[in-house]
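Each remark here refers to the structure printed beneath this line.
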């Protein structure tokens, strides 16, 4: 298969280069990693979305009626519980 330039001179009449088995294995490995990382990113995005949803959490004794992130609710409840013990206790410090 010959390629030609604008002046009709032949650039190359060689056959396509032979791809080694090692290169094919490397391409296969790269494609496998790409697909795995794409699935990992998608799952991570869905997990992040679920964690970042603000939710009402009745029954934990918070005065705020605002919705909070679950991790924020846990932190506030832990702080309030520690304050109930007073400053003399290790929990209240």
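Residue numbers (UniProt numbering): 1 to 93.
The C-beta atom is built at its ideal place from N, Cα and C for all residues, glycine as well.
At what residues does the alpha helix (DSSP H) containing residue i begin and finish?
{"i": "residue 70", "result": "70-85"}
{"i": "residue 31", "result": "21-51"}
Which same chain residues end up closer than 6 Å to residue i when comparing Cβ atoms and leaving out the 5 residues on each side of it in sequence?
{"i": "residue 65", "result": "Per-residue confidence for residue 65 stands at a pLDDT of 49, beneath the threshold of 50, marking its modelled position as unreliable; no derived number is given."}
For this session: Determine, using beta-carbon pairs with one atom in the region 69-81 and one in the region 43-55, whether at least three such pairs fall under 8 Å.
Result: With a cut-off of 8 Å on Cβ pairs, the region 69-81 is in contact with the region 43-55, counting three or more such pairs.
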